[in-house]
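The structure appears right after this line, and notes come after that.
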Amino acid sequence: MATKHAALHALIEPVVAAMGFELWGVDHISQGKHSRLVIYIERESGVSVEDCADISRQVSAIMDVEDPIPGEYRLEVSSPGMARPLYTLDHFIRYQGHHVALKLRTAFDGRRKYQGLLAGVEGDEVLLQLDGEEYCFPIESIDSAHVVPQFDE
1 MATKHAALHA LIEPVVAAMG FELWGVDHIS QGKHSRLVIY IERESGVSVE
51 DCADISRQVS AIMDVEDPIP GEYRLEVSSP GMARPLYTLD HFIRYQGHHV
101 ALKLRTAFDG RRKYQGLLAG VEGDEVLLQL DGEEYCFPIE SIDSAHVVPQ
151 FDE
């Protein structure tokens with residue numbers, strides 16, 4: 001986890017936890033002059049639009065005081081959804097047996113994007129089955145990952 005990402009997570013997590021939710025993850029996305037802070041929250045009983053609005057207000061108040069992001073940004077709060085991003089080894093463990101898409105920080109075997117069955121986690125490596133082969137990727141080599149929902153026909 002990058003230092004800025006870790007600092008944002010540490011700032012936001014207590015607010016989210018105090019409101020009875022799990023902080024699934026945080027993304028800070030910069031696109032030129034525009035910036036977005038996306039916060040994903042989770043709760044066993046589900047997440048409503050009102051929950052997102054409540055957490056947005058609380059997090060916004062903390063962010064205004066602490067001011068960890070220079071300049072203007074748009075704050076978004078949502079459930080991680082079906083195609084949820086995976087950030088931690090625990091997330092990969094929880095979604096073992098599901099199809100996932102990975103984007104690597106640098107190319108491996110001439111490519112950066114992989115999609116396959118999440119076979120598990122060994123140590124700090126994510127195991128992915130693809131076309132009868134098993135690939136091992138250290139979690140630090142993964143730039144982004146998300147669940148790929150499968151629908152039975």
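First residue of the sequence shown: 1, per my numbering; consecutive thereafter.
Virtual Cβ for every residue (Gly too), placed ideally from N, Cα, C.
Here the structure is a predicted model, which is why all the values come from computation and not from measurement.
Boundaries (first-last residue) of the alpha helix (DSSP H) holding residue i
{"i": "T3", "result": "3-18"}
{"i": "Q129", "result": "Run containing Q129: none in the alpha helix (DSSP H); it sits in the beta strand (DSSP E), 125-130."}
{"i": "A53", "result": "49-66"}
{"i": "I39", "result": "Not the alpha helix (DSSP H): I39 falls in the beta strand (DSSP E), residues 34-42."}
{"i": "F92", "result": "89-94"}
Nearest candidate by alpha-carbon position, reference residue i, set the options
{"i": "K103", "options": "D131, G97, E76, H146", "result": "H146"}
{"i": "E22", "options": "A7, F108, R74, E42", "result": "E42"}
{"i": "Q96", "options": "A119, S48, L130, G132", "result": "A119"}
{"i": "I142", "options": "G110, L128, R105, V121", "result": "R105"}
{"i": "S56", "options": "M19, P68, E72", "result": "M19"}
{"i": "E13", "options": "G46, K113, V77", "result": "V77"}
{"i": "P85", "options": "S45, A101, Y73", "result": "A101"}
{"i": "Y40", "options": "F92, K4, I69, P80", "result": "P80"}
{"i": "M82", "options": "G110, A53, G46", "result": "G46"}
{"i": "L140", "options": "F151, I29, V126", "result": "The sequence as given places Glu at residue 140; Leu does not occur at that position. Cα-wise, what sits closest to E140 is V126."}
{"i": "F151", "options": "E44, S30, H98, R94", "result": "H98"}
Residue i classed as buried or exposed, judged by whether at least 16 other C-beta atoms fall within 10 angstroms
{"i": "G123", "result": "exposed"}
{"i": "D51", "result": "buried"}
Range covered by the beta strand (DSSP E) that runs through residue i
{"i": "F108", "result": "99-108"}
{"i": "S78", "result": "74-78"}
{"i": "R111", "result": "111-122"}
{"i": "G46", "result": "Segment: none, G46 is in no beta strand (DSSP E) and carries neither H nor E."}
{"i": "I142", "result": "142-147"}
Beta-carbon proximity check, residue i vs residue j, cutoff 8 angstroms
{"i": "E72", "j": "S35", "result": "yes"}
{"i": "L130", "j": "G110", "result": "no"}
{"i": "V15", "j": "V49", "result": "no"}
{"i": "L11", "j": "I62", "result": "yes"}
Distance between residue j and residue i (C-alpha atoms, nearest Å)
{"i": "P138", "j": "K113", "result": "14 angstroms"}
{"i": "T88", "j": "S144", "result": "11 angstroms"}
{"i": "R171", "j": "G132", "result": "Nothing can be reported for residue 171: it is not among the residues displayed for the chain, which extend from 1 to 153."}
{"i": "F92", "j": "W24", "result": "12 angstroms"}
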